Amino acid sequence: MNNQTHIEARAENKAQSTVMSNQNSAIFAKKFTLGLSFLALTTLAFFSGSLLMSATAQAEAGLNATEQQQVKAIVKEMLLKDPELLKEAVIAMQMREMAQQQTSVKEVIAAEQQALFHTPSDPWKGAVNPDITMVYFTDFNCPYCKKLEPELDKLMAEFPQLKIIIKMVPLQGQSAVEAVDLAQTVWLNEPAKYAKVKQTLMAVPRRLDSATIAKVAAMIDSTQWLDNTDSKVAGAVSANLQLMRKLGIGGTPSMIIGDQVIAGLVPFEQLKQQVQQAMEAQDGR
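Counted the way the UniProt record's numbering counts, the sequence shown spans residues 1 to 285.
Here it is, written out as structure tokens:
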């Protein structure tokens with residue numbers, strides 16, 4: 001082989017090596033990208049298994065069985081080398097789900113304005129012509145509701161333009177049912193006595209019983225409503241429970257301020273901040 005032929009052969013080999021290297025890089029890039037996709041889908045399946053089949057089918061479209069196995073091997077190797085990848089993917093998924101849930105709640109609040117804020121049978125306290133209205137789901141046997149009551153009074157003192165709509169739900173036992181029956185009936189028939197009935201029932205530090213409820217009714221001169229529940233009470237309670245389910249509220253106390261659900265016994269400063277933010281949002285600030 002002369003020198004010219006040798007040079008040409010070396011050049012051809014180098015060109016072929018370059019092509020093969022480029023092809024290998026392209027294949028690796030493709031597989032790496034597919035590996036990341038498969039990892040994301042695997043994480044998604046961890047939270048929502050029903051989506052796995054359709055999502056995996058899309059990710060593996062156009063791959064033969066060998067390539068699919070290669071992708072899975074890449075994913076396994078990635079996770080073994082850097083387990084933080086899965087943790088980051090899980091956190092991202094949780095954040096997205098929380099954002100979606102918040103959006104869903106806002107949509108429910110927007111759709112249920114009448115039921116939440118304009119139901120004639122709902123007790124309320126605070127401003128007659130309010131600038132801001134909040135909704136409060138409560139249970140007479142809920143210890144956290146009992147602790148929250150003074151904070152709500154403090155909130156109304158801080159914001160005289162605030163109105164609080166009270167939606168009573170008997171979630172904690174038969175005595176809670178009896179207490180709601182009495183309080184809601186008093187509101188529908190003798191609304192001037194309602195605040196005292198509610199305040200006295202909430203002031204009982206322990207779980208209510210029938211005897212205690214009867215004593216409260218006697219103190220407020222409302223014994224005529226014991227075992228004489230207004231026929232509208234059942235419908236009002238049912239509507240309140242339906243609203244809780246739609247909003248994804250699982251217990252009491254729970255409040256709606258603006259387009260936000262505030263669940264649990266939260267600090268006064270948080271309530272104050274939520275009211276301020278809701279008022280600013282209404283004013284377009």
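By construction, the Cβ of each residue, glycine as well, lies at the ideal position given by its N, Cα and C atoms.
It should be emphasised that the depicted structure is a prediction, and the values quoted were computed from it without experimental measurement.
Do the CB positions of residue i and residue j come within less than 8 Å of each other?
i: residue 237; j: residue 191; result: no
i: residue 166; j: residue 122; result: yes
i: residue 162; j: residue 120; result: no
i: residue 140; j: residue 201; result: yes
i: residue 213; j: residue 179; result: yes
i: residue 116; j: residue 135; result: yes
i: residue 216; j: residue 197; result: yes
i: residue 158; j: residue 272; result: yes
i: residue 77; j: residue 243; result: no
i: residue 296; j: residue 132; result: As displayed, the chain neither begins before 1 nor continues past 285, which places residue 296 out of reach and without an answer.
i: residue 146; j: residue 195; result: no
Do you know offhand how far residue i's Cα is from residue j's?
i: residue 208; j: residue 246; result: 28 Å
i: residue 266; j: residue 67; result: 53 Å
i: residue 182; j: residue 274; result: 32 Å
i: residue 261; j: residue 72; result: 42 Å
i: residue 203; j: residue 128; result: 25 Å
i: residue 193; j: residue 219; result: 11 Å
i: residue 114; j: residue 281; result: 20 Å
i: residue 248; j: residue 105; result: 8 Å
i: residue 279; j: residue 138; result: 23 Å
i: residue 82; j: residue 264; result: 38 Å
i: residue 58; j: residue 250; result: Only weak support is given to the placement of residue 58: the predicted model assigns it a pLDDT of 49, under 50, and the question is left unresolved by the model.
i: residue 48; j: residue 276; result: The pLDDT assigned to residue 48 is 41, lower than 50, so where the model puts this residue is not dependable, and the model offers no usable value.
i: residue 270; j: residue 186; result: 32 Å
i: residue 142; j: residue 231; result: 25 Å
i: residue 80; j: residue 74; result: 10 Å
What is the DSSP secondary structure of residue i, counted as helix, strand or coil?
i: residue 232; result: coil
i: residue 135; result: strand
i: residue 278; result: helix
i: residue 105; result: helix
i: residue 238; result: helix
i: residue 127; result: coil
i: residue 74; result: helix
i: residue 265; result: coil
i: residue 52; result: Confidence is the limiting factor: at residue 52 the pLDDT is only 40, short of 50, which leaves the residue's position unreliable and the question unanswerable from this model.
Mind checking if residue i is an interface residue toward chain D, Cβ cutoff 8 Å exclusive?
i: residue 280; result: Considering every chain present, this structure includes no chain D. It has just one protein chain.
| On the three-pair Cβ rule with 8 Å, is the segment 220 to 232 touching the segment 243 to 258? | no
| Would you call the segment 147 to 158 and the segment 213 to 223 in contact, with 3 or more CB pairs under 8 Å? | no
| Whole alpha helix (DSSP H) runs in the segment 147 to 229 with 4 or more residues, listed along the chain? | 174 to 189, 191 to 203, 210 to 219
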